[in-house]
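Numbering (my numbering), first residue to last: -18 to 51.
In this text, a Cβ means the ideal position worked out from N, Cα and C, and glycines have one as well.
All remarks here apply to the structure that follows.
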């Protein structure tokens, strides 16, 4: 993640990298599927969608609040 929070995610159709921004500072990781290691946190995953800047196909992704290493 950059200082502005920007992250890049590849389009599942054409692999083009698309820039997305987390909705809140607590969301640090981005995934194609909801994170299953949510520890019972109701807002651990937040769904987002983006239209690819190359093929113009929309796709979904999920913001995760992240995890601490143990």
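Residue i, DSSP secondary structure in three states
i           : result
residue 27  : strand
residue -17 : Summary for residue -17: the model assigns pLDDT 49, below 50, so the residue's position carries little reliability; its value from the coordinates is reported in the next sentence. Looking at residue -17 - three-state DSSP - the assignment turns out to be coil, as it is neither helix nor strand.
residue 37  : coil
residue 8   : coil
Cβ shell of residue i (< 7 Å), same chain only, five flanking positions each side left out
i          : result
residue 47 : 9, 10
residue 88 : Outside the displayed range of the chain (-18 to 51) lies residue 88, so it cannot be described from this structure.
residue 2  : -14, -13
Proximity of residue i and residue j at Cβ, strictly below 8 Å
i          : j          : result
residue -6 : residue 33 : yes
Close-in-space but distant-in-sequence residues of the same chain around residue i (CB under 8 Å, 5 per side omitted)
i          : result
residue 43 : 11, 12, 13, 14, 15, 16, 26, 27, 28, 29
Beta bridge counterpart(s) of residue i as assigned by DSSP
i          : result
residue -2 : -9
Minimum Cβ-Cβ distance from residue i to chain C less than 8 Å
i         : result
residue 5 : Among the protein chains of the structure shown there is no chain C, as only one such chain exists.
Nonlocal neighbours in the same chain, by C-beta distance under 6 Å from residue i, ignoring five residues either side
i          : result
residue 31 : -1, 1
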